[in-house]
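Scroll down for the structure; my scribbles are underneath it.
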Amino acid sequence: MDKQKIWCSFPFNGIFLSGNSEIKYCCASRTILGDINKTTIEEAMSSDAAKSIRQSMIEGKWDSNCVVCKGVEDVGGKSTRIQDMYSMDPETVTVDDFTPEFLDLRWNNTCNLTCNYCIPEFSNKWASIKNEKIIGIASENESDFFDYIAKNKDKVKKIFLLGGEPLLHKQNLRLTDILPDSIYYILTNLSIKNLPTNPNVQKFLTVTKFDWGVSFDCIGKKFEYVRHGADWDLFVENLKYMQQQTVDRGSFFSVHPLYGLYSAYNLVEFYDFVYENNLFHTGGIWWQSLLHNSGGCINNMTKKMKDGAIAEIDRCVSKYPDGMGINMLLEFRKQLVIDLDRPDDPAYMDGVLKEFIDLEEKYLPNKEHSFAQLWPEVYELIKEGCTKNGS
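In short: position in the sequence shown from 1, add 224, done, that's this note's numbering.
Laid out in structure tokens, this is it:
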């Protein structure tokens, strides 16, 4: 096998720190290399597990650690692997090689939203609702990690700051003091009140080399349904403010929408909003496929629902043939066509319907609107695909 087809440099240069103190190579990794409250970064990156993953990369094999990226690519998505920094030569590296060039830091799961497809690891609100305790980084271990970063500051090239919500994490202010010359990428939900006076925002705007990304994929009330706790008008106000800041400073501003059940039938509406408001021309649209949420992946839905999703992609391509991110939507379309031959699974659709019922009755009963009200045609198709005629 051609090594370049599956090559990923994260096992040789990446550190991912999760909000529950886990150390991995990247956000998509499935192998936990250590717990920062119990293990040093040096110990984690020289562990047998770390070396085993590197060996798979060197041999040109998909490692079990990398099943998420493989799954995303199998359905036409752009995985974390494809977006990494290709600074390591696959022909010369060894299992002992590691240089901390790329940091992806989720200091904790503090967030202001309860997005439908999020999980407790990335949202303290979901952790509270599901009564799951997420253990963060102890102060002394956080201090040790900052010491490690300071010791390797000349090696660090790029930093991803996500969350939770990174604009709520005070650690990011300290980070910019240690690494003022690194390149930062901040992925935010842009649903923070008083954004122009937020200290993290102003620090990034004045001190560092930065690019910004925002997560959203639906418009208006549908946006508020998916991003529970957000306000559409505030989001649009913040969106235009941040767009102008990045343009003025020559930075990139991109959008990271998720292609799944909530967005697949509203693509034209989404693109209309982006282009009518002249947004994201500096950074583009980077679609991701929704796989971890069982009820969210269109490829697992009924044939009729996949037909509808394909038709919506066709409408979007017809209206915006050269639009940002259109090539990725066409990749999704190819996989949907392949999956049309997959037999419908009524029991699976029962589970999808139960997810909506649990979301609206068990977890977030105070939603202003229901899925059935906002996506009536899609909701009827889900019911139709269930056992006993959707009853």
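Glycine included, each C-beta is placed from N, C-alpha and C at the ideal position.
With DSSP collapsed to three states, give me the class of E246. Here residue 246 is taken as the residue at index 22 of the sequence shown, counted from 1. DSSP places E246 in strand when its eight states are reduced to three.
F234 to G295 span [Cα, whole Å]: The residue given as residue 234 occupies position 10 in the sequence shown. The residue given as residue 295 occupies position 71 in the sequence shown. Distance between the alpha carbons of F234 and G295: 18 Å.
The beta strand (DSSP E) that contains W456, what's its start and end? The count along the sequence shown starts at 1 and reaches residue 456 at position 232. Counting along the chain, W456 falls outside any beta strand (DSSP E), though it belongs to the alpha helix (DSSP H) covering W456 to R473.
In the DSSP output, which residue or residues are listed as bridge partners for D435? Stepping through the sequence shown from its first residue, residue 435 is reached at position 211. In the DSSP output, where bridge partners are listed per residue, D435 has Y409.
Residue range of the alpha helix (DSSP H) that S542 falls in? Here residue 542 is taken as the residue at index 318 of the sequence shown, counted from 1. From DSSP, the alpha helix (DSSP H) with S542 extends over K527 to K543.
Where do the N-terminal and C-terminal ends of the alpha helix (DSSP H) with K349 fall, by residue? Residue 349 sits at position 125 when you count from the first residue of the sequence shown. Here the alpha helix (DSSP H) through K349 covers N348 to I353.
For the alpha helix (DSSP H) that contains F370, what are its first and last residues? Position 146 of the sequence shown, counting from 1, holds the residue named residue 370. S363 to K375 is the extent of the alpha helix (DSSP H) around F370.
In chain order, what residues of the same chain have a beta carbon less than 7 Å from the beta carbon of T611, not counting five sequence neighbours either side? Translated into positions along the sequence shown, residue 611 becomes position 387. Excluding residues within five positions, the ones whose Cβ falls inside 7 Å are P570, A571 and D574.
What would DSSP say about Y483, mapped onto helix, strand or coil? The count along the sequence shown starts at 1 and reaches residue 483 at position 259. Strand at Y483.
Based on Cα-Cα distance, which residue from W231, K607 and L386 lies nearest to M529? Within the sequence shown, residue 529 is the residue found at index 305, counting from 1. Considering only alpha carbons, the answer is K607.
Under the DSSP definition of a beta bridge, which residues are partnered with R451? The count along the sequence shown starts at 1 and reaches residue 451 at position 227. For R451, which the question treats as bridged, DSSP gives the partners C339.
Which residue wins for smallest C-alpha separation from Y587, given the options P481, Y486, K349 and D287? Position 363 of the sequence shown, counted from the start, is the residue given in the question as residue 587. Of the candidates P481, Y486, K349 and D287, the one whose C-alpha sits nearest the C-alpha of Y587 is K349.
Measure the C-alpha to C-alpha separation of V438 and G507 and round it to an integer number of angstroms. The sequence position of residue 438 within the sequence shown is 214, counting from 1. The sequence position of residue 507 within the sequence shown is 283, counting from 1. Going by the C-alpha atoms only, they are around 11 Å apart.
Rank E592, L397, L553 and I359 by C-alpha distance to the C-alpha of P480 and give the top, closest one. In the sequence shown, counting from the first residue as 1, residue 480 sits at position 256. Checking the sequence, you will find His at residue 480 rather than Pro. Of E592, L397, L553 and I359, the residue nearest in Cα terms is L553.
Neighbour-count burial assignment, N523, 16 or more Cβ in a 10 Å radius: Residue numbering aside, residue 523 sits at position 299 when the sequence shown is read from its first letter. It is buried - the Cβ of N523 has at least 16 other Cβ atoms within 10 Å.
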